[in-house]
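Going line by line, the protein sequences match chains A and B.
Each residue of the first sequence is one higher than the one before, counting from 1 in this note's numbering.
Each residue of the second sequence is one higher than the one before, counting from 1001 in this note's numbering.
Quick reminder that beta carbons are idealized off the backbone N, C-alpha and C, glycines included.
Every value quoted in this text rests on a predicted model; they were computed, and no experiment measured them.
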Amino acid sequence: MKVKSMPAMLIFAAALFAAGIGNAQSLNFKTITVPNSQETVLAGLNNSNVAVGLYLDSSGVQHGMVIQGQTVTNGRHRRVLR
Amino acid sequence: MEKNGTFKDVLPLGSSSSSVDIINDNGVMAGTYLDPITGLNLAFYGPPTNFTSVNVPTSTATLAAVTNNAAKAIVITWTDPSGNEESSVYNATNGNFTTVNVPSAASSFADYINNHNQIVYAWEDSSGNFHGAVRSASGQFATFDDPDGTNTEPSAINDAGIIDGAFTPTGASAPQGFAAKQ
Chain A
1 MKVKSMPAML
11 IFAAALFAAG
21 IGNAQSLNFK
31 TITVPNSQET
41 VLAGLNNSNV
51 AVGLYLDSSG
61 VQHGMVIQGQ
71 TVTNGRHRRV
81 LR
Chain B
1001 MEKNGTFKDV
1011 LPLGSSSSSV
1021 DIINDNGVMA
1031 GTYLDPITGL
1041 NLAFYGPPTN
1051 FTSVNVPTST
1061 ATLAAVTNNA
1071 AKAIVITWTD
1081 PSGNEESSVY
1091 NATNGNFTTV
1101 NVPSAASSFA
1111 DYINNHNQIV
1121 YAWEDSSGNF
1131 HGAVRSASGQ
1141 FATFDDPDGT
1151 NTEPSAINDA
1161 GIIDGAFTPT
1171 GASAPQGFAA
1181 KQ
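Here you go:
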């Protein structure tokens, strides 16, 4: 089931799987949307499951972001995602 | 950017324009630069004190270059003379190039290589739609799409095999992020 909340991603990320990609049909997808954003794009991911990317806020302003733990951080503020 | 928050330009090999696409855990970077001699965008990789230039022989432009911690494989996305995007791996040990396009793709954009030498791609079909693919270290491809939308465009794959990127949800026009794992 797809969910659109960051905690779901964290659960997903925390449940790391040991095996590598091998079968396209068995991939499980989670949608990652920054709340109240117009769009969200994930551009990078490290081995600690910290993702980086960008989102457009409700005013259309683009923000760079880091997704780590239960928060999204950008250049101006840090907010907890629900 | 250093720990104190300052920025440094990275302008390899006398260039005036560049893009760094990756830095590995050892400080080795890879990316593209505008070659002042040929006027072409070429790939570069290496530590900041010793960048090496790489150019796929039939390339008309280099779009991106990435590597992993071993820095033995430089994955390059480039434009061919027909205007299609292709992907190649440069073997930094022997200097050989291997084309690693997604089978049947009109264009292949290799976005990332992890430390297991898995390469993740965004690729374009003949209708202009984007999809994802992963190439294993042994050269096997697996394609994928986010089942809840179109234009799946992965950006990275980490060592655990988690892939992230963006796609367009069904009925929407703006992209959203995704994370995917087997």
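Please confirm whether residue i and residue j have their CB atoms less than 7 angstroms apart.
i                  : j                  : result
Ala1064 of chain B : Ile32 of chain A   : no
Asn1084 of chain B : Ser1107 of chain B : yes
Asp1159 of chain B : Asn1114 of chain B : yes
Phe1167 of chain B : Asn1151 of chain B : yes
Pro1012 of chain B : Tyr1033 of chain B : yes
Leu45 of chain A   : Gly53 of chain A   : no
Ile1076 of chain B : Tyr1112 of chain B : no
Gly1005 of chain B : Val1020 of chain B : no
Thr1038 of chain B : Ala1061 of chain B : no
Gln38 of chain A   : Leu27 of chain A   : no
Ala1089 of chain B : Ala1133 of chain B : The amino acid occupying residue 1089 of chain B in the given sequence is Val; Ala does not appear at that position. Contact flag unset, no.
Ala1105 of chain B : Ile1119 of chain B : no
Val1010 of chain B : Ser1018 of chain B : yes
Ser1087 of chain B : Val1100 of chain B : yes
Thr40 of chain A   : Gln1182 of chain B : no
Can you tell me which of the three DSSP states residue i falls into?
i                  : result
Gly1014 of chain B : helix
Ser985 of chain B  : Shown here, chain B extends from 1001 to 1182; a query on residue 985 of chain B therefore has no answer.
Ser26 of chain A   : helix
Gln62 of chain A   : strand
Ile1076 of chain B : strand
Leu1063 of chain B : strand
Ile21 of chain A   : At Ile21 of chain A, the pLDDT of 43 sits below 50, so the modelled position is not reliable and the matter cannot be decided from this model.
Leu1040 of chain B : coil
Thr1058 of chain B : coil
Val34 of chain A   : coil
Val50 of chain A   : coil
Ile1162 of chain B : coil
Val1120 of chain B : strand
Thr1168 of chain B : strand
Pro1147 of chain B : coil
Val41 of chain A   : strand
Gln68 of chain A   : strand
Ser1136 of chain B : coil
Thr1152 of chain B : strand
Ser1088 of chain B : strand
Assuming residue i and residue j are in contact, meaning their beta carbons sit under 8 angstroms apart, how far apart are those beta carbons, in whole angstroms?
i                  : j                  : result
Ile1163 of chain B : Pro1154 of chain B : 5 angstroms
Tyr1045 of chain B : Ile1023 of chain B : Wrong, their Cβ atoms sit about 10 angstroms apart, outside the cutoff.
Asn1043 of chain B : Asn1055 of chain B : Inspection of the sequence shows that residue 1043 of chain B is occupied by Ala rather than by Asn. With a Cβ gap of about 7 angstroms, Ala1043 of chain B and Asn1055 of chain B count as contacting.
Asp1148 of chain B : Thr1170 of chain B : 6 angstroms
Asn36 of chain A   : Ser59 of chain A   : Wrong, their Cβ atoms sit about 10 angstroms apart, outside the cutoff.
Thr1093 of chain B : Lys1072 of chain B : 6 angstroms
Thr1016 of chain B : Asp1035 of chain B : The amino acid at residue 1016 of chain B is misidentified as Thr; the sequence shows Ser. Not quite, the Cβ-Cβ distance comes to about 10 angstroms (not below 8 angstroms), so this is no contact.
Pro1081 of chain B : Thr1058 of chain B : 7 angstroms
Which residues, in order along the segment 39-63 of chain A, keep a beta-carbon less than 7 angstroms from a beta-carbon of chain B? Under the 7 angstroms Cβ criterion, the segment 39-63 of chain A contributes Glu39, Thr40, Val41, Leu42, Ala43, Gly44, Leu45, Asn46, Asn47, Asn49, Ala51, Gly53.
If contact means a Cβ-Cβ distance below 8 angstroms, which residues of the segment 1146-1157 of chain B contact chain A? Within the segment 1146-1157 of chain B, the qualifying residues are Asp1146, Pro1147, Asp1148, Ser1155, Ala1156, Ile1157.
Residues in the segment 1002-1024 of chain B having any Cβ partner in chain A nearer than 8 angstroms: Considering only beta carbons, no part of the segment 1002-1024 of chain B lies closer than 8 angstroms to chain A.
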